[in-house]
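Peer 1: Quick one: structure below, then a few questions.
In UniProt numbering, the protein residues as written are 1 to 173.
Given below as structure tokens:
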């Protein structure tokens with residue numbers, strides 16, 4: 001059984017997390033979903049409290065790591081030394097994905113430098129100024145790393161995970 005780590009932080013975007021968690025939670029025989037953060041609980045942009053299953057440093061034990069988003073949460077997370085230093089990701093051993101502005105974190109970690117990526121249309125110009133090769137696509141895949149654009153592009157991201165771990169039939173299920 002695969003382990004999927006969903007990374008959250010304070011002020012994450014509600015729809016990005018809850019839709020991701022819902023889609024991943026529809027199967028319990030293929031993977032386990034672990035919510036990871038720097039604290040025992042984090043609050044969404046709209047104030048919903050989410051309890052974490054473990055510390056963000058546990059990303060190293062996950063087969064898949066997915067980064068959520070947040071207009072205010074992403075900049076704060078990127079300034080959080082504990083958060084950024086704990087994100088030890090290995091695209092040679094893991095599938096790594098992000099939704100919306102989560103691509104800022106992957107870019108900051110150096111995982112997307114010189115590679116095509118996507119993000120929320122409102123964040124495109126900022127990521128381009130940081131050196132990102134931003135594409136106007138719902139999903140951009142580069143090896144074992146995938147970035148999804150706006151919140152509804154999340155379905156493409158989860159489909160990519162299912163197909164990479166299993167096959168196209170699993171993606172369609």
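All C-beta atoms in this analysis are idealised placements derived from N, C-alpha and C, irrespective of residue type, glycine included.
1. Look at the alpha carbon of residue 37 and the alpha carbon of residue 82, and state the distance between them as a whole number of angstroms.
2. Would you report the Cα separation of residue 61 and residue 44, rounded to the nearest angstrom?
3. Please state the DSSP three-state secondary structure of residue 102.
4. Within 8 Å, do at least three Cβ pairs link the segment 79-98 to the segment 120-131?
5. At which residues does the alpha helix (DSSP H) containing residue 76 begin and terminate?
6. Which runs of the alpha helix (DSSP H) fall wholly inside the UniProt domain "DJ-1/PfpI" (3-157) and span at least 4 residues, in chain order?
7. Using 8 Å as the threshold, is the C-beta distance between residue 146 and residue 114 below it?
8. Skipping 5 residues on each side, what residues in its chain have a beta carbon closer than 7 Å to that of residue 14?
9. Residues in the same chain with beta-carbon distance under 6 Å from residue 140, minus the five sequence neighbours each way, listed in chain order, please.
10. Tell me, to the nearest whole angstrom, how far the beta carbon of residue 50 is from that of residue 74; I am working on the premise that it is less than 8 Å.
11. CB-CB under 6 Å to residue 67, same chain, minus the five flanking residues each way: which ones, in chain order?
12. Would a check of beta-carbon distances place residue 51 closer than 8 Å to chain D?
13. Given residue 57, which residues of its chain have a CB within under 6 Å of its CB, disregarding the five upstream and five downstream residues?
14. Compute the Euclidean distance between the alpha carbons of residue 121 and residue 136, then round it to the nearest angstrom.
Peer 2: Taking the structure as given:
1. In the chain shown, counting from the first residue as 1, residue 37 sits at position 37. In the chain shown, counting from the first residue as 1, residue 82 sits at position 82. About 10 Å.
2. Here the question's residue 61 lines up with position 61 in the chain shown. Here the question's residue 44 lines up with position 44 in the chain shown. Our two residues, residue 61 and residue 44, have alpha carbons roughly 25 Å apart in a direct line.
3. Mapped onto the chain shown, residue 102 falls at position 102. Residue state, collapsed to three classes: helix.
4. When C-beta atoms of the segment 120-131 are compared with those of the segment 79-98, fewer than three pairs fall below 8 Å, so the two segments do not count as touching.
5. Numbered from 1 along the chain shown, position 76 holds the residue referred to as residue 76. Where residue 76 is concerned, the enclosing alpha helix (DSSP H) stretches over 73-79.
6. Segments of the alpha helix (DSSP H) lying fully in the UniProt domain "DJ-1/PfpI" (3-157): 14-24, 73-79, 81-86, 102-108, 124-129.
7. As a position in the chain shown, residue 146 is number 146, starting the count at 1. As a position in the chain shown, residue 114 is number 114, starting the count at 1. No, the Cβ-Cβ distance between residue 146 and residue 114 is not below 8 Å.
8. In the chain shown, residue 14 corresponds to position 14, counting from 1. Result list for residue 14: 44, 45, 46, 48, in chain order.
9. Locating residue 140 in the chain shown gives position 140, where the first residue counts as 1. 116, 117, 118, 147, listed in sequence order.
10. One-based indexing of the chain shown puts residue 50 at position 50. One-based indexing of the chain shown puts residue 74 at position 74. The C-beta distance from residue 50 to residue 74 rounds to 16 Å, too long to meet the 8 Å contact threshold.
11. The count along the chain shown starts at 1 and reaches residue 67 at position 67. The answer, listed in chain order, is 7, 98, 102, 105.
12. The structure shown has no chain D; it contains just one protein chain.
13. Working through the chain shown from its first residue, we reach residue 57 at position 57. So the qualifying residues of the chain are 86.
14. Here residue 121 is taken as the residue at index 121 of the chain shown, counted from 1. Here residue 136 is taken as the residue at index 136 of the chain shown, counted from 1. The alpha-carbon atoms of residue 121 and residue 136 are separated by roughly 8 Å.
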